[in-house]
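A quick write-up on the structure given underneath.
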Amino acid sequence: MPRLVSHPDEVKIVSRRFGMGAEKIDRYLELGGYEAVMKCLAQDSDWIINEMKASNLRGRGGAGFSAGMKWSFVPRQSAKPKYILVNGDESEPGTCKDHLIFLHDPHSVIEGTIIAGLAVGAKMGFIYLRGEYRYLLEITERAVADAYQRGFLGKNIFGSGKEFEIITQTGAGAYEVGEESALMESLEGKRGVPRIKPPFPAVVGLYGGPTVINNAETIATVPHVINMGAAAYAAVGTPRNGGTRLFSISGHVERPGVYELPMGYNLKKMIYEVAGGIRGGRNLKAVVPGGSSTPVLLPQEIDIGMDFDQVGKAGSMLGSGGVVVIDDQTCIVEFALRTISFYAHESCGWCIPCREGTDWLKKSLTRFHAGFGAPSDIDNMQYLAENMLGRTFCPLGDAAAMPTIAFIKKFRKEFEDHLNGKPCPFAREGVLQLTVV
Amino acid sequence: MPDVTFTVDGKKLTAPAGTLLIDACRKAGIEIPAFCYYPGLSLQAACRMCVVRQEKVPKLQTACTTTVAEGQVFVTESPEIAQARKATIELLLGNHPLDCPVCDAGGECELQDMNFKYGAGESLYAEAKHHRDEQQWSPAVFYDRPRCILCYRCTRMCGEGMDVWALGVNNRGADSVIVPNDGQQLDCEQCGMCIDVCPVGALTSGSYRYKTRPWEMNHVSTVCTHCADGCKVTLGVRSTTDGAEIIRADNRDKSGINGDFLCAKGRFGFDFVESADRLTKPLVRNSAGKLEPATWEHALSVAAKKLKEIRDSRGGAAIGVIGSNRTTNEENYLLQKFSRTVLATNNIDHERTTDYASFARALAGHPGKTASLRDIASACAILLVGTNPTDEHPLLAWLLRTDVRLNRARLYIANHAPIKLERQARAMQGLPPNGYKDLTTILDRGETDLAKAVKAEESLIVIFGSEIRGTAIHNLVTWGLNRGPNPDSVRFACLGDHSNSRGAADMGLFPDLLPGYVPITEPGAFVEYADLPPAAGKTLSQMLDVATAGELGALLVVGANPVSRAPLNPAALKNTFLIVQDLFLTETATLAEVVLPAASLYEKSGTVTNTFGDVQIVRKAADRAGVKPDFEILVRLAEAMGGPIKGLVPFGRAGTTADLGQSRGAQSGEADRHAVWLEANGLEPRLSPFDPFALFDEIERLVPGYAIDRINLIAGNDVHSEPASPGLVPVTALAGEDFIVPAHDTLFTSGTLGRYSAALKQLEEHQAKELAKSAAD
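Here it is as structure tokens:
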């Protein structure tokens with residue numbers, strides 16, 4: 406079990422039960438569990454949706470869409486069953502927050518799912534876990550079984566006469582399935598490729614029914630929003646960015662880990678104070694602020710608040726909240742290669758720009774990093790990435806193109822240093838040489 | 018959907034709201050490039066070639082998924098868009114092998130065309146291309162992975178279009194490959210549609226690959242010679258030392274009833290024309306009793322002499338004639354006219370595969386009640402009785418599937434065995450193998466699911482197979498005509514087996530019916546025929562009975578194989594002078610005294626009528642030295658018998674002796690009917706007695722139901738004809754149903770003809786192996 410970290414600046418809302426044994430239902434109840442859902446059972450669905458809207462809770466998966474708005478798009482009347490879908494397919498490199506939620510507090514996901522179901526009138530929810538999180542499946546399934554046993558799930562939840570079922574499912578190891586419509590395809594037993602939008606899931610989703618699909622962190626936050634009250638929750642963050650966020654800080658810092666900080670928390674402070682600064686007293690070279698798909702920031706660009714709007718203004722994205730810190734001993738070309746290798750491996754192959762683009766970027770960068778690059782390669786790679794951007798079927802192509810463009814633009818000098826058959830300036834004894842398969 | 022107006026490239030366009038932009042543009046003549054978009058199949062938005070700029074939308078949008086709405090403004094060509102398309106092609110060409118000089122698709126390749134337009138001329142990559150060895154998936158289908166651009170047209174065509182689902186995708190990202198779902202080999206219907214829709218040369222045809230360059234072929238649009246659906250087919254032909262060979266069959270311009278569809282037989286089963294067993298010289302039995310090659314003059318004179326002798330000595334009744342299900346309408350018409358007026362016999366029949374005669378009788382007096390294939394393609398509700406179209410009528414099955422899939426048509430099936438189309442059916446009515454006679458009772462009672470649903474249908478097309486014959490047809494048609502308050506809302510189709518089975522029936526290859534199902538006994542029928550024998554002749558089986566009794570002097574068999582059809586002792590024909598016109602030395606031809614090598618449907622011109630009554634034009638594509646079309650053979654035979662052939666085929670200058678009624682007409686003061694008709698229709702007389710259109714003129718003039726739109730026909734369209742001419746009076750039922758032997762062809766068989774196609778045989782063996790494999794699993 407990973408070591409939990411903490412820092413005095415943390416505002417523990419979603420993580421307040423972490424490490425307290427709340428995966429056991431009795432303990433969860435002791436810690437105030439399932440109070441929110443009982444509160445919601447006493448209210449109508451409009452009240453729940455309005456609370457969610459007022460909380461300014463924005464989707465924690467990366468796109469940052471208002472959860473309350475998303476719920477309100479689900480039609481009230483539907484011939485087909487409605488579904489709640491929890492996206493636990495956490496795969497963005499640099500992100501490991503949902504993992505902790507399922508490990509320490511699976512009931513909060515269950516409770517949030519039931520509340521979402523009450524809000525939109527769905528009778529069934531699915532918790533879709535990343536394939537590699539198979540060990541979390543046991544914990545989650547245990548929690549679901551306990552909830553059924555207590556009558557919190559089933560035909561008559563909490564004796565209210567209302568029905569709600571939850572089914573768990575794991576993926577088969579595809580990053581692409583973190584995209585909501587690809588996840589639905591996967592859940593339906595098909596190849597995990599995204600669907601054409603519109604129609605959006607709120608209208609035509611899982612099995613053709615109206616579907617709310619939220620990130621696991623978003624769903625786990627819902628009970629807390631209900632318990633605290635929307636206004637109190639919203640007050641924690643910055644305007645239009647309600648509440649807190651689980652930031653996964655990794656890379657060359659002294660104390661990597663998942664920290665729950667208010668939205669808008671300063672990135673520089675996050676790195677130097679919360680995470681203890683750069684490891685071994687080295688200097689900071691770059692920061693990837695929101696998971697591997699977000700454009701890299703230079704040290705002079707990190708004095709910003711970590712919310713969707715401010716990071717966007719700085720030319721990057723808050724994404725999944727995975728902060729990757731890169732020190733001055735790191736080869737950016739290699740880092741770019743590692744990043745693009747991931748996306749080339751994970752491209753589903755559906756559309757041409759992503760399928761071919763990630764593959765060619767990987768091939769070119771591999772050669773380039775090995776010292777066999779030509780000056781024209783730098784421009785070619787940038788041209789290639791720029792022509793992928795915005796042209797692909799789903800955001801995976803952008804996720805590969807955006808960081809590549811940023812690496813080349815912001816570290817062109819370092820790319821040029823790899824030219825003319827020179828060995829990588831960062832290659833040295835003891836540094837794991839990257840092998841790309 | 019109401020029409021909306023939107024702007025594309027500065028032009029105001031109007032289309033129903035919700036139309037896909039790419040469709041709306043193409044309709045307006047604005048071409049938007051696309052690899053993955055294919056009309057009628059589900060949307061992919063995968064190739065990103067159709068990107069366009071929509072006003073007020075930040076990103077380029079795909080025209081294949083954008084639906085038009087009022088007031089939208091689009092730009093489809095601009096430097097930005099051209100760059101996006103160029104970049105996509107550059108990426109594709111990165112891994113594409115560029116073996117265009119040897120690729121089958123070279124010259125017909127959408128990737129070439131688009132690259133030509135958007136000019137991705139430089140390679141940005143130094144790395145090696147992906148390579149995978151090519152694979153053979155079946156005798157018909159080869160897959161060259163490096164050329165594949167993953168547009169998924171093939172997987173969708175196979176799944177959605179064919180309902181076979183034999184193709185899928187393995188791996189992901191740049192490693193994605195199209196694979197047969199069933200392992201290394203294709204277990205499917207071998208229709209080759211995947212090859213047809215492939216925009217590049219990734220899927221190639223076993224029979225065509227590496228044979229030619231597309232521009233070395235002449236492309237001739239004609240009609241398939243196999244089943245009775247009558248698909249339009251484009252034959253790619255190339256000159257050889259002894260004629261012209263067929264190299265490829267597809268429906269190149271996607272015109273006609275079948276659009277892009279062809280089945281395995283249409284696409285691969287043309288190789289019988291090049292079979293080593295093909296007859297190219299006439300054969301005459303010598304004094305030693307052996308068939309030996311002879312000149313056309315000799316063979317014709319031997320046959321003509323014998324026929325004349327028997328006619329003159331024993332009368333026409335001693336001669337029998339059996340016609341073909343695959344010869345053209347003109348040939349069939351000529352054959353019966355030749356039999357009746359030159360041989361003086363009504364002993365004429367053909368190998369009946371269904372009961373068109375009863376169908377015509379049942380519809381007598383009810384015009385407008387036959388369904389064309391086009392009617393079926395857009396029907397709201399269809400009742401399918403006693404047939405398995407997937408095997409026997411692949412185009413009909415395709416149209417029904419498409420109608421259900423795209424138009425939400427309601428399909429009802431009444432059959433004695435499970436059939437594949439049940440997957441598209443709303444309701445199914447199982448019947449015992451001989452239970453079709455009870456069907457109308459079941460429908461009337463309205464107790465079963467199917468009966469209830471059919472009852473609720475406002476309009477209905479009833480399609481029935483050869484299980485329904487004689488009185489059963491009468492009952493079904495009567496039920497249909499009386500089923501609802503609106504008698505206009507029902508149409509019927511009767512299914513036969515071969516490319517011109519319907520034409521053979523329509524053209525009067527019957528002992529008792531003249532062309533257009535006019536009873537021979539009807540007063541004044543075909544008055545222009547001189548000395549029409551007044552009484553009905555013998556049916557096919559009666560002729561064979563008479564022959565067995567040693568009383569049939571001569572039998573002329575044109576493109577038929579009666580000896581293999583029904584168990585017949587070869588000795589039965591020993592006292593009959595047998596003349597056979599055929600492509601091959603069939604079981605029947607081996608017994609003949611004279612064998613005349615005939616041209617196949619692909620080597621002649623004329624018209625054929627599919628089982629739905631849709632008439633289409635046949636154009637000569639291939640050529641084979643030594644063979645003659647049956648039309649020419651018959652005219653030459655008549656000439657060799659000393660007959661005035663102008664009476665048989667109206668040709669030459671008008672006003673002379675253009676028909677056999679001329680002398681009688683002259684006596685009664687009537688003008689030459691044919692010349693008058695030609696002039697009234699603005700037509701010139703034909704100059705050659707071998708021109709089938711000389712007879713088509715007569716058919717149009719004389720045969721009820723065939724006064725069809727000639728311009729449409731010559732343009733290559735299907736023109737519906739129907740047997741139920743208003744003046745046709747019902748005649749008493751003939752026991753015709755006894756003589757019907759359905760061919761029960763599968764996807765890979767086609768009567769006697771199909772046996773000479775090596776390609777079909779290979780496919781049949783392949784599928785048998787696949788079946789054994791899946792049975793073993």
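Protein chains in written order, with our numbering: chain V, 406 to 842; chain D, 18 to 794.
Using N, Cα and C, we set each Cβ at its ideal position, and we do this for glycine too.
Here the structure is a predicted model, which is why all the values come from computation and not from measurement.
Buried or exposed: residue i, going by 16 or more other Cβ atoms within 10 Å of its Cβ?
| i | result |
| --- | --- |
| Gln554/V | exposed |
| Arg630/V | Contrary to the premise, residue 630/V reads as Val rather than Arg in this sequence. Classification for Val630/V: buried. |
| Trp232/D | exposed |
| Thr518/V | buried |
| Tyr227/D | exposed |
| Glu678/V | exposed |
| Val491/V | buried |
| Asn424/D | exposed |
| Ser330/D | exposed |
With DSSP as the reference, label residue i as helix, strand or coil.
| i | result |
| --- | --- |
| Pro628/V | helix |
| Thr619/D | It is Tyr, not Thr, that sits at residue 619/D in the sequence shown. Three-state DSSP puts Tyr619/D in a helix. |
| Phe820/V | helix |
| Ile430/V | helix |
| Asn729/D | helix |
| Phe23/D | strand |
| Gln734/V | coil |
| His412/V | coil |
| Thr105/D | helix |
| Gly643/D | coil |
| Gly287/D | A small correction: the amino acid at residue 287/D is Phe; Gly does not occupy that position in the sequence shown. Three-state result, Phe287/D: coil. |
| Leu412/D | helix |
| Ser356/D | helix |
| Ala587/V | helix |
| Phe557/V | coil |
| Ile510/D | One detail in the question is off: residue 510/D reads as Ala in this sequence, not Ile. The answer is strand: DSSP assigns Ala510/D an E or B state. |
Taking only beta-carbon atoms, is residue i less than 8 Å away from chain V?
| i | result |
| --- | --- |
| Pro743/D | Caution is warranted here: a pLDDT of 49 is assigned to Pro743/D, below 50, making its placement in the model unreliable, and no coordinate value can be reported. |
| Thr749/D | At Thr749/D, the pLDDT of 49 sits below 50, so the modelled position is not reliable and the matter cannot be decided from this model. |
| Asn112/D | yes |
| Ala62/D | yes |
| Tyr55/D | no |
| Leu109/D | yes |
| Arg189/D | yes |
| Lys4/D | No answer is possible for residue 4/D: the residues shown for chain D start at 18 and end at 794. |
| Glu144/D | yes |
Under 8 Å between C-beta atoms, does residue i make it to chain D?
| i | result |
| --- | --- |
| His750/V | yes |
| Asp714/V | no |
| Arg743/V | no |
| Ser496/V | no |
| Thr809/V | no |
Going along chain A in order, which residues have a C-beta closer than 8 Å to the C-beta of residue i?
| i | result |
| --- | --- |
| Lys768/V | Absent from the structure: chain A. Protein chains present are V and D. |
Legend entry - In chain order, each alpha helix (DSSP H) run of at least 4 residues that lies wholly inside the segment 471-550 of chain V: Within the segment 471-550 of chain V, complete alpha helix (DSSP H) segments of at least 4 residues are found at 472-477, 502-509, 511-525, given in chain order.
Inset, instruction - Let me know the alpha helix (DSSP H) ranges lying completely inside the segment 767-826 of chain V, each 4 residues or longer, listed in chain order. - result: 780-793, 800-815, 817-821
Inset, instruction - Return the chain-ordered ranges of every alpha helix (DSSP H) run that is complete within the segment 443-493 of chain D and spans a minimum of 4 residues. - result: 456-462, 466-473
Inset, instruction - Note down, one range per segment and in chain order, each beta strand (DSSP E) of at least 3 residues found wholly within the segment 635-694 of chain V. - result: 649-656, 662-667, 689-693
Legend entry - Complete runs of the alpha helix (DSSP H) confined to the segment 119-172 of chain D [at least 4 residues]: The segment 119-172 of chain D contains, as complete alpha helix (DSSP H) runs of 4+ residues, the segments 127-135 (chain order).
Legend entry - Uninterrupted beta strand (DSSP E) stretches inside the segment 246-282 of chain D (no shorter than 3 residues): 249-257, 260-267
Legend entry - Stretch pair the segment 795-805 of chain V + the segment 577-595 of chain V: three plus CB contacts closer than 8 Å: Using a C-beta cut-off of 8 Å, the segment 795-805 of chain V makes contact with the segment 577-595 of chain V, since at least three inter-stretch Cβ pairs fall below that distance.
Legend entry - Inside the segment 321-368 of chain D only - beta strand (DSSP E) runs reaching at least 3 residues: 336-340, 365-367
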